[in-house]
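Numbering (our numbering), first residue to last: -4 to 173.
Ideal Cβ placement from N, Cα and C applies to all residues, glycine included.
These numbers were taken from a predicted model, which means no experiment stands behind them.
Working notes for the structure below.
Shown next as structure tokens:
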């Protein structure tokens, strides 16, 4: 695949992921909102590998920070960590076994990686941008942050499984995938 086509397709995925984050925000647990951008980021990783997931997550999180996020650089960091732990993990596992079971294993692995990663990083960083004592954040880890990340990861995994083939096939016919 030509580099220009790949770059253009990744740019398109960045745009769609940003739009998903900007216009689809569903409150789930307390103050935490679900946004489906990680679905697009994971699809980008399935199409082009984990580095593509990383680039898409970085670009989308940066644009979010500049436009719709009120959490600044710390929110940017948390968005990148969350998206990458899900999408890059899923894409890495899928790259090893490009099949439906490989995709399912990758998405399950991504869901678990995100939940574990975000437990740690919420404990470390959330007090700084939420203005709450670390003890209060620690008290929210199991009843709020963990369920949120498991629900978010589960939704992302299920929707990615439903959307990947309908997205992949037209792009493949137009020679826009690897």
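Near residue i, which residues of its chain fall below 7 Å by C-beta distance, leaving aside the five closest residues on each side in sequence?
i	result
residue 30	15, 16, 19, 20
residue 50	5
residue 75	52, 53, 56
residue 162	38
Which whole-angstrom value describes the C-beta separation of residue i and residue j, a residue pair presumed to lie in contact below a C-beta threshold of 8 Å?
i	j	result
residue 53	residue 35	Contact flag wrong, Cβ pair sits at about 14 Å.
residue 110	residue 141	6 Å
residue 97	residue 86	Their Cβ separation, rounded to whole angstroms, is 11 Å, which puts residue 97 and residue 86 out of contact at 8 Å.
residue 123	residue 69	6 Å
residue 44	residue 81	Contact doesn't hold; Cβ gap of about 15 Å is too wide.
residue 0	residue 171	6 Å
Let me check understanding here. Comparing Cα to Cα, which of the options lies closest to residue i?
i	options	result
residue 37	84, 76, 72, 28	84
residue 144	107, 170, 131, 162	107
residue 133	72, 117, 10	117
residue 114	58, 135, 28, 0	135
residue 147	66, 166, 126, 77	77
residue 46	22, 79, 73	79
residue 32	158, 94, 167, 169	158
residue 112	10, 73, 126	73
residue 95	2, 168, -3, 160	160
What residues are listed by DSSP as bridge partners for residue i?
i	result
residue 22	28
Once you ignore the five residues that flank residue i on each side, which residues in its own chain have a CB closer than 6 Å to its CB?
i	result
residue 89	41, 97, 98, 101
residue 154	34
residue 24	139, 142, 143
residue 66	124
residue 152	102, 106
residue 71	56, 60
residue 13	55, 58
residue 63	17
Using C-beta distances below 8 Å, list every residue in its chain close to residue i, excluding the 5 sequence neighbours before and after it, in chain order.
i	result
residue 129	118, 122
residue 28	20, 21, 22
residue 166	4, 42, 172
residue 91	97
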